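Counting in numbering that gives the first Met the number 0, the sequence shown runs without a single skipped number right up to 179 at its last residue. Some notes on the structure that comes next.
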Amino acid sequence: MAKMLYGATMSLDGFIAGHGGDMSWLKPYFGPDPEMDSLVHRVGALLVGRRTFEGDDPNRGTEHEGAFGGAWDGPTFVLTHHVPADPVPGVTFMDDLESTVAAAKAAAGDKYVSILGASTARACLDAGLLDEVLVSVAPVLLGDGTRLFERPGGDNVPLERISLTHGPLATNIWTRVLPR
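Shown next as structure tokens:
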């Protein structure tokens, strides 16, 4: 059965996107990282929030545009309040979290469903649907932007560390979400 994984690169002060959703801050931290590079082969489907789907790609216009630096080629499910009238090849738009997660898990088989987008990850966490979190911590302070998890008034979420690895440009912390 597929597991739900939220993976993101985060600044040391907790931001995954800069002010206004700017993702260009990531460029200096692209590079070989065995932990992150092997992940794409363990993912069977993407669950993407609509803002992330339409958002800033630091690789836009290059051969590395798209998820996993352009290496992703598989089913993509976009969670949105407004399903577009015109289809996008290879992309399924859905408007219900539980149905979208179920469809993504079915498509992923025994691999991960990789969640892209802070709001979508938070919704999965709040619904008890998030299994694991993989954060690559980059040595930079952004000062403002989109936080990894923004949960004002939220409760504590216990995590169990699965692994800690050091890539040449960032530190990777892989955790399991424990029952609350």
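We put the beta carbon where it would ideally sit given N, CA and C, even for glycine. Treat the numbers as computed from the prediction; the structure is a model and nothing was measured.
- Contact between V100 and V90 is absent: CB atoms are separated by about 16 angstroms, not below the 8 angstroms threshold.
- Taking C123 as the centre and dropping the five residues before and after it, the same chain places the C-beta of M3, Y5, L46, L96, V100, I114, L129 closer than 8 angstroms to its C-beta, in chain order.
- Boundaries cannot be given for K110, as no beta strand (DSSP E) includes it and DSSP labels it neither H nor E.
- Using a Cβ distance threshold of 8 angstroms, L158 and M9 do not count as a contacting pair.
- In summary, S37 is exposed, with fewer than 16 beta-carbon neighbours lying within 10 Å of its beta-carbon over all protein chains present.
- Here the alpha carbons of P88 and T164 stand approximately 36 angstroms from one another.
- In terms of Cβ geometry, G43 and A126 do not form a close pair [threshold 8 angstroms].
- In the DSSP assignment, L38 falls within the unbroken alpha helix (DSSP H) covering 33-38.
- In the displayed model, R179 falls within coil according to three-state DSSP, outside both helix and strand.
- Residue range 2-10 is occupied by the beta strand (DSSP E) that includes S10, with no alpha helix (DSSP H) assigned at that position.
- Between G166 and M22, the CB-CB gap reaches or exceeds 8 angstroms.
- In its chain, beyond the 5 residues on either side, A1, R41, V42, G43 have a beta carbon closer than 7 angstroms to the beta carbon of K110.
- Looking from the CA of I15, the closest CA among R179, V139, V39 belongs to V139.
- Rounded to whole angstroms, the separation of the alpha carbons of A117 and W24 is 17 angstroms.
- Of the other Cβ atoms in all chains shown, fewer than 16 fall within 10 Å of the Cβ of V82; this residue is therefore exposed.
- When only Cα atoms are considered, A7 and L133 end up about 7 angstroms apart.
- Nearest to V156 by C-alpha distance, out of A169, R121, D72, is R121.
- Boundaries for A169: no alpha helix (DSSP H) harbours it, and the DSSP string shows neither H nor E there.
- Between the beta-carbon of G20 and that of T145 there is about 7 angstroms, and that keeps the pair under the 8 angstroms contact cut.
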